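Counting with my numbering, you get residues 26 to 200 for the letters of the sequence shown.
No residue lacks a Cβ here, since even glycine has one placed at the ideal position from N, Cα and C.
Computed from a prediction, not measured in an experiment: that's the story for all the values here.
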Amino acid sequence: MNAKIGIVYSTVDGQTLKICNKLREVLQQNNQQVDLISIDDFNEDITKYDKLVLGASIRYGVHNDKVIEFIKTNKTALDSVKTAFFSVNLVARKPEKNTPETNPYVVKFFKTIEWKPTIVEVFAGKLDYKKYSFFDRKMIQLIMWMTKGPTNTEAEIEYTNWEKVSDFALALNKL
Ligand SMILES: Cc1cc2nc3c(=O)[nH]c(=O)nc-3n(C[C@H](O)[C@H](O)[C@H](O)COP(=O)(O)O)c2cc1C
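Printed below as a string of structure tokens:
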């Protein structure tokens, strides 16, 4: 059955969008119709979709405020369709923190909101010191040092597991 799927994303440096593009690619290969829209531009009636996916990255411990706003504004509509949520962060590069049950940001996020999406996932993001402002670079360096990650500011490492992203797309396909 062909479904209409809306993917709404919140990204700062583009990694969440890159993941969304991969999801779209896999879903389209499976003959699903996909709309990919930034949370900043989203102005659709959610109920026109069979499935709604929301993806957002973590910065300094939280998702963009617009994510919670979006969920609160659209709660009734979200509860009337099949939904999925995924978070993108660097803590998820650690195997023991890369599931919705073990990733601290995802666990905390769902303690603060009422919404229960049909499926939830978490992906490791990208570390790219060269993209960051001076302040952010220093902060990320400190966080990496504390969590035994790379502190060399030449480092550009994509931790995202693309097989996991494809598996998530297939799970969305089956929803
Ligand atoms: C300023 C800044 C703050 C961040 N804070 C966190 C954090 O608190 N925890 C974490 O796991 N990752 C953190 N990250 C890593 C991002 O979640 C990761 O780079 C992700 O790939 C960003 O996705 P985006 O490009 O879609 O915004 C931070 C990154 C930046 C640049």
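Taking all protein chains shown into account, decide if residue i is buried (16 or more other Cβ within 10 angstroms of its Cβ) or exposed.
{"i": "residue 202", "result": "Nothing in the structure corresponds to residue 202, since the chain is present only between 26 and 200."}
{"i": "residue 193", "result": "buried"}
{"i": "residue 128", "result": "buried"}
{"i": "residue 108", "result": "buried"}
{"i": "residue 42", "result": "buried"}
{"i": "residue 126", "result": "exposed"}
{"i": "residue 123", "result": "buried"}
{"i": "residue 105", "result": "exposed"}
Sort the options by Cα distance to residue i and report the nearest one.
{"i": "residue 120", "options": "45, 149, 83", "result": "149"}
{"i": "residue 189", "options": "39, 85, 136, 45", "result": "45"}
{"i": "residue 40", "options": "191, 65, 183, 200", "result": "183"}
{"i": "residue 101", "options": "142, 37, 64", "result": "142"}
{"i": "residue 140", "options": "89, 103, 175, 80", "result": "103"}
{"i": "residue 170", "options": "197, 134, 200, 116", "result": "116"}
{"i": "residue 196", "options": "38, 36, 55, 35", "result": "55"}
If you follow the alpha helix (DSSP H) that residue i is part of, which residue opens it and which one closes it?
{"i": "residue 162", "result": "159-171"}
{"i": "residue 202", "result": "Missing from the structure shown is residue 202; the chain here goes from 26 to 200 and no further."}
{"i": "residue 94", "result": "90-98"}
Per DSSP, what kind of secondary structure is residue i in: helix, strand or coil?
{"i": "residue 60", "result": "strand"}
{"i": "residue 141", "result": "coil"}
{"i": "residue 195", "result": "helix"}
{"i": "residue 117", "result": "helix"}
{"i": "residue 188", "result": "helix"}
{"i": "residue 135", "result": "helix"}
Could you spell out the range, first to last residue, of the beta strand (DSSP E) harbouring residue i?
{"i": "residue 29", "result": "29-35"}
{"i": "residue 105", "result": "First-last for residue 105: undefined, no H or E at that position."}
{"i": "residue 204", "result": "This structure cannot settle anything about residue 204, because the visible part of the chain is limited to 26 through 200."}
{"i": "residue 180", "result": "From DSSP, residue 180 is part of no beta strand (DSSP E); its letter is neither H nor E."}
{"i": "residue 83", "result": "76-84"}
Tell me whether residue i counts as near ligand 2, meaning its Cβ is closer than 8 Å to at least one heavy atom of that ligand.
{"i": "residue 62", "result": "Ligand 2 is not among the ligands present in this structure, which contains only ligand 1."}
For chain B, check one thing: does any of its Cβ atoms lie closer than 9 Å to the Cβ of residue i?
{"i": "residue 182", "result": "In the displayed structure, chain B is absent; only one protein chain is listed."}
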